[in-house]
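K.L.:
Number of protein chains: 2
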Amino acid sequence: MSDLTIRPGREFFTARTVSDALAGFRPTRRTTIESVPLAAALHRVPAADVLAPEALPGFPRSTVDGYAVRAADTYGASEGLPTYLDLAGAVRMGAAPTVTVPPGGCVAVPTGAVLPEGADAVVMVEYTAATMPGSIEVTRPVAPGAGLVRADEDVASGATLITAGRPLRSAELGLLAAAGVGAVDVHARPRVAIISTGDEVVPSATPVLAAGQVRDATASALAGLVTEAGGEPVVVGIVPDDRVALERVLRDALGSASIGADLVVVSAGSSVGARDETAGAVAALGTIWCHGLALKPGKPTLLAECGGVPLIGLPGNPLSALVVFRLVGAPLVWRLGGCAAPPPEPTTRARLSRDLASAAGRVDIVQVRVRGEVAEPLFGPSALLSVLTRADGYVVVPEPATGLDADSEVEVVLYR
Amino acid sequence: MSDLTIRPGREFFTARTVSDALAGFRPTRRTTIESVPLAAALHRVPAADVLAPEALPGFPRSTVDGYAVRAADTYGASEGLPTYLDLAGAVRMGAAPTVTVPPGGCVAVPTGAVLPEGADAVVMVEYTAATMPGSIEVTRPVAPGAGLVRADEDVASGATLITAGRPLRSAELGLLAAAGVGAVDVHARPRVAIISTGDEVVPSATPVLAAGQVRDATASALAGLVTEAGGEPVVVGIVPDDRVALERVLRDALGSASIGADLVVVSAGSSVGARDETAGAVAALGTIWCHGLALKPGKPTLLAECGGVPLIGLPGNPLSALVVFRLVGAPLVWRLGGCAAPPPEPTTRARLSRDLASAAGRVDIVQVRVRGEVAEPLFGPSALLSVLTRADGYVVVPEPATGLDADSEVEVVLYR
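Those sequence lines, one after another, are chains A and B.
The numbering of the first sequence is the numbering used here, which starts it at 1 and goes up by one.
The numbering of the second sequence is the numbering used here, which starts it at 417 and goes up by one.
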């Protein structure tokens, strides 16, 4: 009956620290470039700088409702001793001025209108009075340049409108629209093939479970994390704990044009035997960069590169798998999509409600609830996904620390 | 020639503070409810709690590779004096156990397998040895409940899986998948009609501008902010500064089934005359809740309700319009979509590089660049959209403050 025994887990001979993995596992692959219209460009990553084809606003523009003047004509004006200027005409919004400002004269301009020739400033209407037909009383002097923006003050011709590698924010969409740029070359969303393994795992649509079966939770949650990192999840399906079957599915995901994976993510079976099958299948297809991370939860993580496509082997437990993917996978998805510095995540400062133990040289990721200023650690086996749904965020106990004391101030990375 | 003069802006008789507006302008409208599959449910807002149809994992489950035992049989076991248990069989992953654990016996179980009848704990393989065929040496005692999760330890039957009103995160998608919930009732994305006004404003696709024309930047940027707030932008187009034309377009946006607006946003013309036209048109169609906010930039903001549909009149300058929409509009979009507490935004603490002046009773929104620990205010006329694209985020000078001193610590809300 000795074939019934369970083998102890093999030591990970290529274990790494999390900081090693983040700094050292940097596949050079980048997605292809595609053009998208502005309306679909939010949060997309530009593949190249875009320069302004022309200056903006493109004409000297009034920023106030008032009167375009020669500034020198207003010097000395005051409430007690106003200056009188001849009203030479008015500028219409959106049209070229039909009048110029003569010495001693002024022209009415609404906010946003073109500054007429001859003028070098605009007096706000609040500092004027129209007491006599044909002339305007000015009660405050203005300096040259007051009340207007120069023709190239928003953007100079040839200036950088948007920077390659930085996801587009709403303001950038506005600036591109102002410059008449209707489409942007961006990196394609990285396609992330998600493969689940495990003899016990069945599709989430399974209505009734047989004894010992669990529905695939990890694939759905990973798809969400991939989307948040700017990627496109491709849920491949579930493979039994069998090296041949897994190798075939991996080869398919890596090679097939229909999947076209930029990254392959395998949530390994949870038993040690299943994990060994995954490592074996991956080793047959590429180079294992590390197997084993100094991370809790997440130790059995595998990082590899197979023919230029990075591959992440995640722990079998949903909670561990999601912790690892958020820490190691999401930055990789951003990078594959041409973004060097992922956008900031929401955080908050809080005080720990209790001590957190850790081991030096290992990163601990601790799920927490945040109540006011207090972060309350949530514990439980990493098999429990509900720990993650109850959490507001997580605290990192860094590699050098042997733990964190109760009441110490920590930064909580908040889920959103 | 007196018709050429510019009228001073009228005082806002219904001006409000920002905190009044956020607390008091709360239209009761909510979007309809629709069912979406799990794969499309990320960040959507559930319309009702979803309860677990069954317990999870649904069976007592081993969380380690090892041997299912009766805990009492292991009491007293040690390295020096191991306990010997008869190996009665093994449990296969994803299958019902075919053996039970008799007194003095054990059954091999991989991580994730069903705990067989008779057992109340699992000994990790690391604390066992298979020295003799048919029996297992146990070198550490276990307590009842060790090495396993109970059948309802992740989720009890009937427990709340997800909570109404809280946008779904990746972990919730996982938990729903685990529970076999394939679709969720969520609030429809609020449809936000975006109307631009201004005689000088032309479509962003306009290749060559005539003198005095500017392309519509605000609509594209607003569409981005609406999307970020979970809404669906409907860019209606540009209306000239004409009350009759604006009233017709507003009536259309409010009434037409094809637009079906849950919120109407008008970026008003920038001149005082154009702003008055907007207010006039809105007053004809509904009730103005406030006109004028104690906010810089953003003073000429208008908040109204027209037949149950909220309407925001934004300042004409793109930068001001976006500041106001982010502050007042985005929380409203979330609320219309059934979400009471918008997800957290990324922030960072930094020290101001210089003094910021403000007036008590007014909120100032100051764009900043963040370099390391220092927040450097970016100034410039609110007509300059480039101030916003150069900013990493903004600092709020709150209503009571008359300013903030250089070197004081501030919270920067980061754009992403």
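Glycine residues also receive a C-beta, built at the ideal position from the N, C-alpha and C atoms.
Quick caveat: nothing in here was measured; it's all calculated off a predicted structure.
Could you name the residues of the segment 525-544 of chain B whose beta carbon sits closer than 7 Å to any beta carbon of chain A, in the order they occur along the chain?
P.N.:
Against chain A - using a Cβ distance shorter than 7 Å - the residues of the segment 525-544 of chain B are P526, T527, G528, A529, V530, V541, E542.
K.L.:
Give me the chain B residues within the contact set of F59 (chain A), using Cβ-Cβ distance strictly less than 8 Å, ordered along the chain.
P.N.:
Near F59 (chain A) (Cβ distances below 8 Å), the residues of chain B are A627, G628.
K.L.:
Decide if the segment 780-790 of chain B is in contact with the segment 725-732 of chain B; the criterion is three or more beta carbon pairs, one per stretch, under 8 Å apart.
P.N.:
No: fewer than three Cβ pairs fall under 8 Å.
K.L.:
List, in order along the chain, the chain A residues whose C-beta lies closer than 7 Å to that of G689 (chain B)?
P.N.:
Residues of chain A passing the Cβ test: P110.
K.L.:
Quick one: Cα of E553 (chain B) to Cα of T544 (chain B), how far?
P.N.:
Their backbone Cα atoms lie some 5 Å apart in a straight line.
K.L.:
Closest to E644 (chain B) by C-alpha separation, out of B:A524, B:F475, B:V608, B:C522, would be which residue?
P.N.:
The option with the nearest alpha carbon to E644 (chain B) is B:V608.
K.L.:
Give a yes or no on whether the minimum CB-CB distance between L225 (chain A) and chain B is below 8 Å.
P.N.:
So, interface residue.
K.L.:
Which term fits M124 (chain A), buried or exposed, when burial requires 16 or more other beta carbons within 10 angstroms of its beta carbon?
P.N.:
Buried: at least 16 other Cβ atoms inside 10 Å.
K.L.:
Is DSSP giving T278 (chain A) helix, strand or coil here?
P.N.:
The answer is helix: DSSP assigns T278 (chain A) an H, G or I state.
K.L.:
Helix, strand or coil: how does DSSP classify V244 (chain A) here?
P.N.:
If DSSP states are grouped into helix, strand and coil, V244 (chain A) belongs with the helices.
K.L.:
What are the partner residues of D427 (chain A), as DSSP defines its beta bridges?
P.N.:
Since the first and last residues shown for chain A are 1 and 416, residue 427 (chain A) lies out of range.
K.L.:
Can you tell which of A:G380, A:T218, A:V99, A:S170 has the C-alpha that lies nearest to the C-alpha of R326 (chain A)?
P.N.:
Here the closest residue by C-alpha is A:T218.
K.L.:
Considering Cα atoms alone, identify which of A:G198, A:G316, A:A211, A:V395 is closest to A383 (chain A).
P.N.:
Measuring from the Cα of A383 (chain A), the nearest candidate turns out to be A:G316.
K.L.:
Taking 8 Å as the threshold (C-beta atoms), are P141 (chain A) and G76 (chain A) in contact?
P.N.:
Cβ atoms of G76 (chain A) and P141 (chain A): closer than 8 Å.
K.L.:
Hey, which unbroken runs of the beta strand (DSSP E) at 3 residues or more fall wholly within the segment 454-524 of chain B?
P.N.:
Runs of the beta strand (DSSP E) inside the segment 454-524 of chain B: 482-485, 499-506.
K.L.:
Do V681 (chain B) and L638 (chain B) have their C-beta atoms within less than 8 Å of each other?
P.N.:
Their beta carbons are under 8 Å apart, which means V681 (chain B) touches L638 (chain B) by this criterion.
K.L.:
Per DSSP, what are the beta-bridge partners of D351 (chain A) in this structure?
P.N.:
For the sequence presented, residue 351 (chain A) should be read as Arg rather than Asp. DSSP lists A:V374, A:E409 as partners of R351 (chain A).
K.L.:
With V739 (chain B) as the anchor, note down where its beta strand (DSSP E) starts and where it stops.
P.N.:
No beta strand (DSSP E) holds V739 (chain B); the alpha helix (DSSP H) holding it covers 734-740.
K.L.:
List the endpoints of the continuous alpha helix (DSSP H) containing A594 (chain B).
P.N.:
Start and end: 586-594.
K.L.:
Following the continuous alpha helix (DSSP H) through D436 (chain B), name the residue where it begins and the one where it ends.
P.N.:
Note, D436 (chain B): alpha helix (DSSP H), 434-440.
K.L.:
Can you list, in chain order, the residues of the segment 149-174 of chain A whose Cβ is nearer than 7 Å to any Cβ on chain B?
P.N.:
So the close ones are V149, E153, D154, V155, R169, S170, A171, E172, L173, G174.
K.L.:
Below 8 Å on the Cβ atoms is my guess for T763 (chain B) versus P346 (chain A); work out the distance and round it to an integer in Å.
P.N.:
So it is a contact: roughly 7 Å between Cβ atoms.
K.L.:
Can you name the residues that DSSP bridges to A129 (chain A)?
P.N.:
Looking at the DSSP assignment, A129 (chain A) forms a beta bridge with A:E137.
K.L.:
So the alpha helix (DSSP H) V266 (chain A) belongs to, where does it begin and stop?
P.N.:
Premise fails: V266 (chain A) lies in the beta strand (DSSP E), 263-267, not in any alpha helix (DSSP H).
K.L.:
Between the Cα of P583 (chain B) and the Cα atoms of B:A604, B:G614, B:L641, which residue gives the shortest distance?
P.N.:
Of B:A604, B:G614, B:L641, the residue nearest in Cα terms is B:A604.
K.L.:
Output, in chain order, the set of chain A residues within a Cβ distance shorter than 9 Å of I422 (chain B).
P.N.:
What I422 (chain B) touches in chain A: D65, G66, Y67, A90, A108, V109, P110, V125, T128, A130.
K.L.:
Distance cutoff 8 Å, beta carbons only. Does T402 (chain A) sit that close to anything in chain B?
P.N.:
Chain B, which has no Cβ nearer than 8 Å to the Cβ of T402 (chain A), makes this no.
K.L.:
Compare the Cα-Cα distances from T876 (chain B) to each of A:V410, A:T389, A:G380 and report the closest residue.
P.N.:
Examination of residue 876 (chain B) is not possible in this model, given that chain B is present from 417 through 832 alone.
K.L.:
Which of the three DSSP states, helix, strand or coil, is assigned to G534 (chain B)?
P.N.:
If DSSP states are grouped into helix, strand and coil, G534 (chain B) belongs with coil.
K.L.:
Pull up the CB-CB distance for L285 (chain A) and R251 (chain A), whole angstroms please, since I reckon it's below 8 Å.
P.N.:
So it is a contact: roughly 6 Å between Cβ atoms.
K.L.:
DSSP puts P233 (chain A) in a beta bridge; with which residues?
P.N.:
Answer is A:V192, bridged to P233 (chain A).
K.L.:
Please determine, among B:R770, B:G796, B:V803, B:A437, the residue with the shortest C-alpha to C-alpha distance to V790 (chain B).
P.N.:
Measuring from the Cα of V790 (chain B), the nearest candidate turns out to be B:R770.
K.L.:
Identify, in the order they occur along the chain, each residue of the same chain with its Cβ nearer than 6 Å to the Cβ of A406 (chain A), setting aside the five sequence neighbours on each side.
P.N.:
So the qualifying residues of the chain are L352, R354, D355.
K.L.:
If L662 (chain B) and V652 (chain B) are in contact, beta carbons under 8 Å, what's the gap, nearest whole angstrom?
P.N.:
L662 (chain B) to V652 (chain B), Cβ: 11 Å. No contact.
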